[in-house]
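Residue numbers (our numbering): 2 to 114. We put the beta carbon where it would ideally sit given N, CA and C, even for glycine.
Set out below in structure tokens:
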């Protein structure tokens, strides 16, 4: 489906939270022995990210990235199989699905380039 990803392998977790009159940053880390290990990224609270809930939600989304990548890769493979199976019988449906598959491939290519 796509080249191997070049990002740090998962799983990732939401780690340490920095506080100063509200959240100022949330670290995304690899787990080590069930607790925060090596840091991958940090989400900040700032003028655009204005609530603690938004900072934490951003961190959770980033922490889910390896699993989302894996599941999107699997979905793309299943979609390829569906296109192959129905292409001769329902070419219009297969064409629509091919557009979706192209979108999946483009998204995956962004992290494999």
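*Which partner residues of residue 32 appear in the DSSP bridge assignment?*
As a position in the chain shown, residue 32 is number 31, starting the count at 1. Note: residue 32 sits in a beta bridge opposite 37.
*Go ahead and label residue 100 buried or exposed: buried means 16 or more other beta carbons lie within 10 angstroms of its beta carbon, across all protein chains shown.*
Stepping through the chain shown from its first residue, residue 100 is reached at position 99. Under this definition residue 100 is an exposed residue.
*Whole-angstrom C-beta distance between residue 43 and residue 23, which should lie under 8 Å*: Taking the chain shown and counting its residues from 1, one reaches residue 23 at position 22. Taking the chain shown and counting its residues from 1, one reaches residue 43 at position 42. The pair is not a contact, with the Cβ atoms about 15 Å apart (cut-off 8 Å).
*By a C-beta neighbour count over all protein chains shown, 10 Å radius and 16 as the cutoff for buried, is residue 35 buried or exposed?*
Residue mapping note: residue 35 aligns to position 34 of the chain shown, counting from 1. With fewer than 16 other Cβ atoms within 10 Å, it is exposed.
_Cα-Cα separation between residue 84 and residue 107, rounded to whole angstroms_ = If you number the chain shown from 1, residue 84 lands on position 83. If you number the chain shown from 1, residue 107 lands on position 106. Cα-Cα distance, rounded: 18 Å.
_Measuring only the C-alpha atoms, how far is residue 46 from residue 15?_
The residue given as residue 46 occupies position 45 in the chain shown. The residue given as residue 15 occupies position 14 in the chain shown. For residue 46 and residue 15, the distance between alpha carbons rounds to 15 Å.
_My parser needs the beta strand (DSSP E) runs of 3 or more residues fully inside the segment 24-98; what are they?_
24-33 and 36-45
*Thinking C-alpha only, which one of 63, 52, 48 and 53 is nearest residue 119?*
Because the chain is modelled from 2 through 114, residue 119 falls outside the range shown and cannot be assessed.
*residue 16, enclosing beta strand (DSSP E) - first and last residue*: Taking the chain shown and counting its residues from 1, one reaches residue 16 at position 15. Taken as a continuous stretch (DSSP letters only), the beta strand (DSSP E) holding residue 16 covers 14-20.
_Short of 8 Å in beta carbon distance, which residues of its chain neighbour residue 59, apart from the five on each side in sequence? Order them along the chain._
As a first step, residue 59 is located in the chain shown; it is residue number 58 there, counting from the start. Closer than 8 Å at the Cβ level, and outside the excluded window around residue 59, lie 27, 44 and 50.
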